[in-house]
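Just so you know, we're using the working numbering here: the sequence shown kicks off at 1490 and counts up by one. Notes for the one structure printed next.
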Amino acid sequence: MPDISTPRKRPTRNDVAERAQVSSAVVSYVMTGAKHVTPETAQRVRTAMEELGYRPNSTARALRTGRTHTLALIVADVSNPFFSEYALQLEIAATERGYALLIANSHESLETEVRLLDEIAQRGVDGVLLSSVRHASDRSSLDSIPVPVMWIDAFHPAEGAASVGVDIRHSARTVVRHLAEVHGCRSVGLVIGASSQQTTDPRVLGWAEAIEEIGLEPGPVVTTTWTREGGIEAARMLLDTPNRPDAVFAGSDLLGIGVLRGAADLGLRVPEDLRIVSYDGTAESAFSVPRLTSFKQPVREMARAAIDTIIDFTPDRAHHTLFRGELLLRESCGCAPSAP
1490 MPDISTPRKR PTRNDVAERA QVSSAVVSYV MTGAKHVTPE TAQRVRTAME
1540 ELGYRPNSTA RALRTGRTHT LALIVADVSN PFFSEYALQL EIAATERGYA
1590 LLIANSHESL ETEVRLLDEI AQRGVDGVLL SSVRHASDRS SLDSIPVPVM
1640 WIDAFHPAEG AASVGVDIRH SARTVVRHLA EVHGCRSVGL VIGASSQQTT
1690 DPRVLGWAEA IEEIGLEPGP VVTTTWTREG GIEAARMLLD TPNRPDAVFA
1740 GSDLLGIGVL RGAADLGLRV PEDLRIVSYD GTAESAFSVP RLTSFKQPVR
1790 EMARAAIDTI IDFTPDRAHH TLFRGELLLR ESCGCAPSAP
């Protein structure tokens, strides 16, 4: 005969409190990610929940609190190493606050992004983290979203919304100055993605400012796709000419890896014949040959700021938080490696 066991009584929040030797209110604080619970107490509560097999009734909790403890992330291209690493840090930060994170990919399509925003908002999430293909000033379709929207890689402040980003203009100036002042480069080319606006993209603005300040010969600007293949094509356009630049600043690690491959296809040695610096500082940049010098975005700090802001969001917190990154010196620019 089959062994039919009697269902075990489902553990309650009070059972968890008793096991962890805390009040039921403290259990609730831990479940909602409240910050005023000490790490030791929070861990004791989580251990008790695991030992008892406690699973909170999310539907009942949502009805009671008006929150689902779920956030959504929309990125332009989740296959891009930068967005993959950023999404991981966002998920870690969300989990630490007791939130789940749903991830969707817009495939760099504004139409898809608008559709996803509408669909996700209807699923009852508490907020949306957005890496948008649009300019931060474009509020179309956002005002109708009934939950907070947080821009996670904004170049500029987003009106009516909170945002985090990196001072890319400063980053670009730092890269050009390093190539000119440390390595003696006299012409620095620039490779950016097709979605960039050359009149407003901070990579372009910072690059141009540094060239003018130092008195360099302006290198050519090539616009392509934000892919390795785009970097290869850009390298052919930049380098297969008599007046090629002696250095290239690539607007992402993917572009930098593509430029590196394109240079090799043309028989150029890096850094002897051409110096390359990229932007993002993803793990992938450390595995090329030679390894890429790259300006690293502080994704862990950005992720924590984004998660804390959207969970604790109030209209007065709709401000732009700007971070500064770090230039990881490696062989592609001619430096002895100082970064892994």
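No residue lacks a Cβ here, since even glycine has one placed at the ideal position from N, Cα and C.
Judged by DSSP in its simplified three-state form, threonine 1716 adopts coil rather than helix or strand.
In this structure, the alpha-carbon of leucine 1679 lies about 38 Å from that of aspartate 1805. Using a C-beta cut-off of 8 Å, the stretch 1693 to 1701 makes no contact with the stretch 1725 to 1733, since fewer than three inter-stretch Cβ pairs fall below that distance.
Residues Gly1695 and Arg1813 of the same chain have their beta carbon placed closer than 7 Å to that of histidine 1659, with the five preceding and five following residues left out of the count. Note on the stretch 1660 to 1734: whole alpha helix (DSSP H) runs with a minimum of 4 residues are 1691 to 1703 and 1717 to 1728, in chain order.
Per DSSP, glutamate 1815 is one residue of the beta strand (DSSP E) stretching across 1815 to 1817.
Cβ-Cβ distances below 7 Å link methionine 1538 to Val1505 in the same chain, with the five nearest sequence neighbours on each side left out; the list follows chain order.
Shown here, valine 1778 sits in coil according to DSSP, grouped into three states, outside any helix or strand. Boundaries of the alpha helix (DSSP H) harbouring aspartate 1797: 1788 to 1800, taken from the DSSP string. Contact fails between the stretch 1712 to 1723 and the stretch 1644 to 1660, because fewer than three Cβ pairs, one in each stretch, are under 8 Å apart. Going by C-alpha positions, leucine 1668 is about 8 Å away from arginine 1764.
Excluding five sequence positions before and after threonine 1713, the CB atoms of its chain that fall closer than 6 Å to its own CB belong to Gly1719, Glu1722 and Ala1723, given in chain order.
The C-alpha of threonine 1530 is placed about 44 Å away from the C-alpha of threonine 1663. Secondary structure at leucine 1749: helix, using DSSP grouped into helix, strand and coil. It is roughly 14 Å from the alpha-carbon of leucine 1599 to the alpha-carbon of glutamate 1608. In the DSSP annotation of this structure, the continuous segment of the alpha helix (DSSP H) that includes tyrosine 1518 starts and ends at 1513 to 1521. Remark: C-beta atoms of aspartate 1656 and leucine 1817 do not approach each other more closely than 8 Å. Cβ neighbours of serine 1767 within its own chain (closer than 7 Å, five residues either side excluded): Ala1739, Ser1741, Asp1742, Leu1744, Gly1745, Ser1774, Leu1781 and Ser1783. C-alpha of glycine 1770 to C-alpha of glutamate 1761: approximately 22 Å in a straight line. A contact between stretches requires three or more CB pairs, one per stretch, nearer than 8 Å, and the stretch 1556 to 1576 meets this requirement with the stretch 1602 to 1616. With contacts defined by Cβ atoms closer than 8 Å, leucine 1749 and serine 1676 do not form a contacting pair. Sixteen is the threshold: since fewer than 16 other Cβ atoms of the shown chains lie within 10 Å of the Cβ of proline 1826, the residue is exposed. By the criterion of a C-beta distance shorter than 7 Å, valine 1759 is surrounded in its chain by Leu1749, Ala1752, Ile1765, Pro1779 and Ser1821, once the five residues flanking it on both sides are discounted. Within the model, the alpha-carbon separation for serine 1777 versus arginine 1612 is close to 41 Å.
Going by DSSP, threonine 1559 is part of the beta strand (DSSP E) stretching over 1559 to 1564.
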